[in-house]
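**Student:** The structure under discussion is supplied below as structure tokens; questions concerning it will follow.
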Amino acid sequence: MVAPLSTWPWENMGVYKYLLYAPVLSKVAYSRIQDGTFKVDWYLHVVVLFTLREFVYFLWSSFSSMLFLNRKLRINKDGYDFKQIDSEWDWDNFILLQALIASMACLIFPSYLENAPLWNTYGFITTLILHVAISEPLYYWVHRWFHNGYLFTHYHSLHHSSPVLHPFTGANATFLEHLILTVLTSIPIIGASALGYGSKSMIYGYLLAFDFLRCLGHCNVEVVPNQLFETFPFFRYLLYTPTYHSLHHTDKKTNFCLFMPLFDALWNTLNSNSWDLHKKMSSNGDEKVADFVFLAHVVDVTSSMHAPFVNRSFASLPYSMRFFLPPFWPLAFTFMFILWAAAKTFYASFYNLRGRLHQTWVVPRFGFQYFLPFAAKGINNHIEDAILRADKLGVKVISLAALNKNEALNGGGTLFVNKLPDLKVRVVHGNTLTAAVILNELPKDVKEVFLSGATSKLGRAIALYLCQKKVRVLMLTLSTERFQNIQKEAPLDCQSFLVQVTKYQAAQHCKTWIVGKWITPREQRLAPRGTHFHQFVVPPILPFRRDCTYGDLAAMRLPNDVQGLGCCEYTMERGVVHACHAGGVVHLLEGWTHHEVGAIDVEKIDLVWNCALKHGLKPVASTST
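Okay, so the sequence shown: first residue is 3 according to the numbering used here, each after it adds one.
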């Protein structure tokens, strides 16, 4: 049986819980219409204040995930996995609760609140005194109380279930806990107001400072400099740090304070390692070296907002255009332009697989730039710098995402391997596994396929593999020379299975299309009813035909023992990565010491496929109509 007040009243409402704000918003709108002028009343203050509180948490959330800024100062080096993100999905329930309580106060005490001054210095002093003298010690003992038996099991264990601290973790608690915390939070505000020292700025300031400090303690990044405590030793008892609070989550019998370690010291619950760990983390931040790096790129401006440091919840779902993205387009473009101008590849996300750290780095270039001739040199310089940095750090394998290994750009990575012959890091384009995924999606009894992009790296490998299986391949290409060069690579008894075609009309009776070059809806019309479009083209083709099916880009699901994975790779489902990414993972797990660049070795397609399955990677079979 569920414990009383352990669940939220609107728990089953999902996103519709925000409709509970409707009465407050209606009241604000009604007062504007009724008076005909813009009147600043307390209902409007409730809307503004609680919007700002949400913003404080989002800013801290973004900072916590900015690996390119804080990776060396992270206290717990693990990542936020999907389980934790889902557990903390409704972290803002307490803001909704307090907004509703505040709106009720507006209804009960309208005249008093309306007459509150904008500023009162005595109010700030009184609020601080009441917080230190009443709220802090009360919170300390209530917190300790919730760490006992029944209360911990049925209420407080939810807060401690998050393995890696995050600003949202600080807000993630049961209904009863937040009711009590609301009372403790209101004591300084009500007390100062009752004494005649209340003000609007005091309410704004106290609540926003309260949220700021809660996020500080749960951000998992040590941002408080040790020099502050060395210069003012007693200050360490007045302000907790992220390191200090992290010890409470590893040793639940210590460090119970709200914001002030003074009360842990007074009641003998101060963790003896608090100051030493803080000094170590703030002075000697370290970085765990990755074994594997996936070098990605930005597709477009809106997709750049799918990064975990922008919105952790949004990044944990497959990317799709959402209604809230366009208004933030200018900010996203500006941020990407800053990174672009800084000529810096940035760290985006990471996960652990079998004790090995896998990181994603991103080249700050948009997809369209890869097709501009004058931008090629700059992009290659970015990629080269990333490879050299990985080599210097001791990374074992760096895998290149789709456009970063473009044949016209750098010959599928060959440019870097030839230019840097002494590399210890292995450069991998991962196309061998991509080809294997596409080939293993084909029906076992297929006799004929139509292949566009037939002379590309992937197209060549697919054609040569299929012809050796006695499958007729209609290769769409205008270049007879390129076709003949590929045909000559096939065994003599298989060359007849490779057929050059120059128009899409040649595939009007073929129901298996492998698309390696973007095709228009008009060209898709030439396919017969029931055709399945396999594809390795970036961006994917539009699913125009309702009487046909469309495969996704080649991808594989990571092994079940992956840890700390909390973001989706572009449009892929949770735990699924592009095949070229998975190819790099296999390269690492197998311990191969060769570079995988340039042309695909057709003889290794089955080997790489079997190795991927051996290590627990699974094919992702999905179609859309």
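Cβ atoms here follow ideal geometry from the backbone N, Cα and C, with glycine treated the same way.
1. Quick one: grab the DSSP three-state call for P310.
2. Measure the C-alpha to C-alpha separation of S318 and G553 and round it to an integer number of angstroms.
3. Using only the alpha-carbon positions, how far apart do A581 and A135 sit?
4. Assign T336 to one of two classes, buried (16 or more other C-beta atoms within 10 Å of its C-beta) or exposed (fewer than that).
5. Give the C-beta separation of G432 and K519 to the nearest angstrom, bearing in mind that I take them to be a contact with Cβ-Cβ under 8 Å.
6. State whether the stretch 402 to 413 contacts the stretch 382 to 389, with contact taken as three or more CB pairs (one from each stretch) at a distance under 8 Å.
7. Measure the C-alpha to C-alpha separation of L476 and F452 and round it to an integer number of angstroms.
8. Evaluate A557 with the Cβ neighbour count: other Cβ atoms within 10 Å of its Cβ, from every protein chain shown; 16 or more gives buried, anything less gives exposed.
9. Find out if the Cβ-Cβ distance for the pair R55, L209 is shorter than 8 Å.
10. Where W143 and H133 are concerned, what is the direct C-alpha to C-alpha distance, given to the nearest angstrom?
11. By how many angstroms is the C-alpha of L181 removed from the C-alpha of A31?
12. In chain order, what residues of the same chain lie with their CB nearer than 7 Å to the CB of E483, ignoring the 5 residues before and after it?
13. Is S351 helix, strand or coil by DSSP?
14. Please state whether the Cβ-Cβ distance between T479 and Q502 is less than 8 Å.
15. With distances taken between CB atoms, is the gap from F538 to T436 smaller than 8 Å?
16. Applying the 10 Å Cβ sphere with the 16-neighbour rule, what's the burial state of E116?
17. What would DSSP say about S626, mapped onto helix, strand or coil?
18. If I measure Cβ to Cβ from C221 and keep anything under 6 Å in the same chain, skipping five residues before and after, which residues do I get?
19. With W628 as the anchor, note down where its beta strand (DSSP E) starts and where it stops.
20. Between S10 and the rest of its own chain, which residues show a CB-CB distance below 6 Å, the 5 nearest in sequence each way excluded?
21. Can you give me the Cβ contacts of P523 inside the same chain, cut-off strictly under 6 Å, excluding the 5 residues immediately before and after it?
22. Grab the span of the beta strand (DSSP E) containing Y552 for me, first residue to last.
23. Taking the straight line between their C-alpha atoms, what separation do you get for L405 and L615?
24. For the alpha helix (DSSP H) containing F57, name the first residue and the last one.
25. Which residue spans inside the stretch 253 to 309 form an unbroken beta strand (DSSP E) run of at least 3?
26. Given V448, which residues of its chain have a CB within under 7 Å of its CB, disregarding the five upstream and five downstream residues?
27. At which residues does the beta strand (DSSP E) containing E450 begin and terminate?
28. For the alpha helix (DSSP H) that H161 lies in, which residues bound it at each end?
29. Grab the span of the alpha helix (DSSP H) containing Q371 for me, first residue to last.
30. Just confirm the distance between the C-beta atoms of L167 and N78, as a whole number of angstroms; I'd bet it's less than 8 Å.
31. Kindly indicate which three-state DSSP category M204 falls into: helix, strand or coil?
32. Which same chain residues, not among the five before or five after G618, have their C-beta less than 6 Å away from its C-beta?
33. Excluding sequence positions up to five away, which residues of its chain have a Cβ less than 7 Å from the Cβ of Q229?
34. Taking the CB atoms as reference points, tell me whether P621 and V439 lie closer together than 8 Å.
35. Could you please give the first and the last residue of the uninterrupted alpha helix (DSSP H) stretch that includes V185?
36. With a Cβ-Cβ cutoff of 8 Å, do F352 and G566 count as a contact?
**Tutor:** A quick look at the data gives this:
1. Along the sequence shown, read from residue 1 onward, the residue named residue 310 stands at position 308. DSSP places P310 in coil when its eight states are reduced to three.
2. Taking the sequence shown and counting its residues from 1, one reaches residue 318 at position 316. Taking the sequence shown and counting its residues from 1, one reaches residue 553 at position 551. Whole-angstrom Cα-Cα distance: 22 Å.
3. Position 579 of the sequence shown, counting from 1, holds the residue named residue 581. Position 133 of the sequence shown, counting from 1, holds the residue named residue 135. About 59 Å.
4. Counted from its first residue, the sequence shown places residue 336 at position 334. Around the Cβ of T336, a 10 Å sphere holds fewer than 16 other Cβ atoms; the residue is exposed.
5. Taking the first residue of the sequence shown as position 1, residue 432 is located at position 430. Taking the first residue of the sequence shown as position 1, residue 519 is located at position 517. About 20 Å; that fails the 8 Å criterion.
6. Yes: the two stretches touch, three or more of their Cβ pairs being nearer than 8 Å.
7. Here residue 476 is taken as the residue at index 474 of the sequence shown, counted from 1. Here residue 452 is taken as the residue at index 450 of the sequence shown, counted from 1. Using only the alpha carbons, I get a separation of about 5 Å.
8. If you number the sequence shown from 1, residue 557 lands on position 555. Buried, since its Cβ has 16 or more Cβ neighbours within 10 Å.
9. Stepping through the sequence shown from its first residue, residue 55 is reached at position 53. Stepping through the sequence shown from its first residue, residue 209 is reached at position 207. The Cβ atoms of R55 and L209 sit closer than 8 Å to each other.
10. As a position in the sequence shown, residue 143 is number 141, starting the count at 1. As a position in the sequence shown, residue 133 is number 131, starting the count at 1. In a straight line, the C-alpha of W143 is about 14 Å away from that of H133.
11. As a working note, residue 31 is residue 29 in the sequence shown. As a working note, residue 181 is residue 179 in the sequence shown. Cα to Cα, A31 sits roughly 29 Å from L181.
12. Looking up residue 483 in the sequence shown gives position 481. Taken in chain order, the list of residues that qualify is empty.
13. Taking the sequence shown and counting its residues from 1, the one referred to as residue 351 is at position 349. Strand at S351.
14. The residue labelled residue 479 in the question sits at position 477 within the sequence shown. The residue labelled residue 502 in the question sits at position 500 within the sequence shown. T479 places its beta carbon less than 8 Å from that of Q502.
15. For this step, residue 538 is matched to residue 536 along the sequence shown. For this step, residue 436 is matched to residue 434 along the sequence shown. Contact: yes.
16. Against the sequence shown, residue 116 aligns to sequence position 114. Burial call: exposed.
17. Here residue 626 is taken as the residue at index 624 of the sequence shown, counted from 1. In this predicted model, S626 has a pLDDT of only 47, less than 50, meaning its place in the structure is not dependable; the value taken from the coordinates is given anyway. DSSP, reduced to helix, strand and coil, places S626 within a strand of the structure shown.
18. Translated into the one-based positions of the sequence shown, residue 221 becomes position 219. Annotation for C221: W62, S66, P169, P244 place their beta carbon closer than 6 Å to its own, counting only its chain and skipping 5 residues before and after.
19. Residue numbering for the chain in the displayed model covers 3 to 627; residue 628 lies beyond these limits and cannot be assessed.
20. Taking the sequence shown and counting its residues from 1, one reaches residue 10 at position 8. Going by the sequence as given, residue 10 is Trp instead of Ser. Taken in chain order, the residues that qualify are N95, F177.
21. Here residue 523 corresponds to residue number 521 of the sequence shown, with the count starting at 1. Contacts found: F546.
22. In the sequence shown, counting from the first residue as 1, residue 552 sits at position 550. Under the DSSP assignment, Y552 falls in the beta strand (DSSP E) whose first and last residues are 551 to 555.
23. Position 403 of the sequence shown, counting from 1, holds the residue named residue 405. Position 613 of the sequence shown, counting from 1, holds the residue named residue 615. CA-CA distance, L405 to L615, rounds to 26 Å.
24. Taking the sequence shown and counting its residues from 1, one reaches residue 57 at position 55. From DSSP, the alpha helix (DSSP H) with F57 extends over 44 to 66.
25. Scanning the stretch 253 to 309 from its first residue to its last, the whole beta strand (DSSP E) runs of 3-plus residues come out as 294 to 299.
26. Indexing the sequence shown from 1 puts residue 448 at position 446. Within the same chain, V473, T514 come within 7 Å of V448 by CB-CB distance, once the 5 residues on both sides are set aside.
27. Numbered from 1 along the sequence shown, position 448 holds the residue referred to as residue 450. DSSP places E450 inside the beta strand (DSSP E), whose first and last residues are 450 to 453.
28. Walking along the sequence shown from the start, residue 161 turns up at place 159. That run of the alpha helix (DSSP H) goes 159 to 162.
29. Numbered from its first residue, the sequence shown carries residue 371 at position 369. No alpha helix (DSSP H) contains Q371, which DSSP labels as neither H nor E.
30. Position 165 of the sequence shown, counted from the start, is the residue given in the question as residue 167. Position 76 of the sequence shown, counted from the start, is the residue given in the question as residue 78. Rounded, the Cβ-Cβ distance is 7 Å, consistent with contact.
31. On the sequence shown, residue 204 is found 202 positions in, with the first residue counted as 1. Looking at M204 - three-state DSSP - the assignment turns out to be helix.
32. The residue you call residue 618 lines up with position 616 of the sequence shown. Cβ within range, chain order: P561.
33. Here residue 229 refers to the residue found at position 227 of the sequence shown. For Q229, same chain residues with a beta-carbon under 7 Å away, outside a window of 5 residues either side, do not exist.
34. By 1-based counting over the sequence shown, the position of residue 621 is 619. By 1-based counting over the sequence shown, the position of residue 439 is 437. With a cutoff of 8 Å on beta-carbon distance, P621 and V439 are scored as near each other.
35. Indexing the sequence shown from 1 puts residue 185 at position 183. First-last of the alpha helix (DSSP H) with V185: 177 to 196.
36. Sequence index remark: in the sequence shown, residue 352 carries index 350 (1-based). Sequence index remark: in the sequence shown, residue 566 carries index 564 (1-based). One thing to note: F352 has its Cβ within 8 Å of the Cβ of G566.
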